[in-house]
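Participant: Residue numbers (my numbering): 9 to 292. Quick reminder that beta carbons are idealized off the backbone N, C-alpha and C, glycines included.
1. By a C-beta neighbour count over all protein chains shown, 10 Å radius and 16 as the cutoff for buried, is residue 95 buried or exposed?
2. Rounded to whole angstroms, what's the CA-CA distance from residue 108 to residue 144? Just pull it up for me.
3. Identify, in the order they occur along the chain, each residue of the same chain with its Cβ nearer than 6 Å to the Cβ of residue 189, setting aside the five sequence neighbours on each side.
4. If you drop the 5 nearest sequence neighbours on each side, which residues of the same chain put their C-beta closer than 6 Å to that of residue 86?
5. What number of angstroms, rounded off, separates the C-alpha of residue 24 from the C-alpha of residue 34?
6. Whole angstroms are fine: how far does the CA of residue 167 sit from the CA of residue 55?
7. Excluding the 5 residues preceding and the 5 following residue 113 in the sequence, name in chain order all residues of the same chain whose CB lies nearer than 7 Å to its CB.
8. Between the beta-carbon of residue 156 and the beta-carbon of residue 186, is there less than 9 Å?
9. What are the start and end residues of the beta strand (DSSP E) that includes residue 122?
10. Looking only at its chain, what residues have a beta carbon closer than 6 Å to the beta carbon of residue 202, apart from the 5 residues adjacent to it on each side?
11. Could you check if residue 277 is buried or exposed, using at least 16 other CB atoms within 10 Å of its CB as the buried criterion?
12. Please list the terminal residues of the continuous beta strand (DSSP E) segment that includes residue 97.
13. Beta-carbon separation of residue 178 and residue 247 under 9 Å?
14. Quick check on residue 236: buried or exposed, where buried means 16 or more other Cβ atoms within 10 Å of its Cβ?
15. Excluding five sequence neighbours on each side, which residues of the same chain lie with their C-beta closer than 6 Å to the C-beta of residue 228?
16. If you measure from the CB of residue 227, is any heavy atom of the ligand GDP nearer than 8 Å?
17. Give the range of the alpha helix (DSSP H) segment to which residue 18 is assigned.
18. Between residue 249 and residue 181, how many whole angstroms is the CB-CB distance? I'm expecting something under 8 Å.
19. Do residue 147 and residue 77 have their C-beta atoms closer together than 9 Å?
20. Give me the Cα-Cα distance between residue 215 and residue 205, rounded to the nearest whole angstrom.
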């Protein structure tokens, strides 16, 4: 975990106040970066400077239900000046026996910036030592993810049926989810407990902000949309496949599907190259 470059104290106070809505939780800042969000309005375009934080939140409470729910709350309570990717865990999760997960929690608790502490349930690692990473298991996990992604990409690409573009996009969602999970496992040594595609793509961003390639864009340009059309396409890709249960029609513009197919293939190629490079460095 690289050294944190945190914003000035007033921003941290806003973040702490937003997190304090959820009582009895421990919050670690694992990463931070600035971003400029362009908000298109009817009569003007305004630039808002936004701070984005990557947070590990440990709480024994049932609320918030997910990290995304807490992230949305932080965004609103901060006056939309702060966005966050929240990794939400219970104190018992720190008793994991998985070597990669132990390493992740160890790095977070040692080198993260503790914003607040639950004094009744302070987090601690049960493991006395941090076990070595199981490279073979991580490689096997990535190969599984790659195989599932390739299967779904091929199924979507080669199906000639018309009028079921949303079904094909749902296959691409599964492919991207697997690619993201593989990247997060190998590069971040982390297994998330939330699986929405938008959330997983944010964690993929973190894997790059957290290492020497922080200035490199880890995601295809299609996953960083600049136009409303491209944003709509990305939202279609990120919609959970279970949404098909409520659809009456399954058609979508063919060009939207082809755009997302290309983006998914690019994502897989970039992820494969990144993991191969990481594995080569680990061996040497």
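Facilitator: Put simply:
1. Buried, by the Cβ-count rule.
2. Put simply, the backbone Cα of residue 108 is about 12 Å away from that of residue 144.
3. These residues qualify, in order along the chain: 153.
4. If we look at residue 86 and ignore the five residues flanking it on each side, its Cβ neighbours are 22 and 26.
5. Going by the C-alpha atoms only, they are around 11 Å apart.
6. Its pLDDT being 46, under 50, residue 55 is placed unreliably in this model, and the value from its coordinates should be taken loosely. In this structure, the CA atom of residue 55 is about 42 Å from the CA atom of residue 167.
7. If we look at residue 113 and ignore the five residues flanking it on each side, its Cβ neighbours are 102 and 133.
8. With respect to the 9 Å criterion, residue 156 and residue 186 are classified as neighbours on the basis of their beta carbons.
9. Unbroken beta strand (DSSP E) run through residue 122: 121 to 124.
10. Correct list, in chain order: 74 and 75.
11. A residue is called buried when at least 16 other Cβ atoms come within 10 angstroms of its Cβ; residue 277 does not meet this threshold and is exposed.
12. Taken as a continuous stretch (DSSP letters only), the beta strand (DSSP E) holding residue 97 covers 90 to 97.
13. Yes, the pair counts as a contact, with Cβ atoms nearer than the cut-off.
14. Here residue 236 is exposed: its Cβ has fewer than 16 other Cβ atoms, across all protein chains shown, within 10 Å.
15. Excluding residues within five positions, the ones whose Cβ falls inside 6 Å are 271, 274 and 275.
16. In terms of ligand content, the structure shown is empty, and the ligand GDP therefore cannot be addressed.
17. From DSSP, the alpha helix (DSSP H) with residue 18 extends over 17 to 27.
18. With a beta-carbon spacing of about 6 Å, residue 249 and residue 181 fall inside the 8 Å limit used to define contacts.
19. No. Outside cutoff.
20. Roughly 15 Å between the two C-alpha positions.
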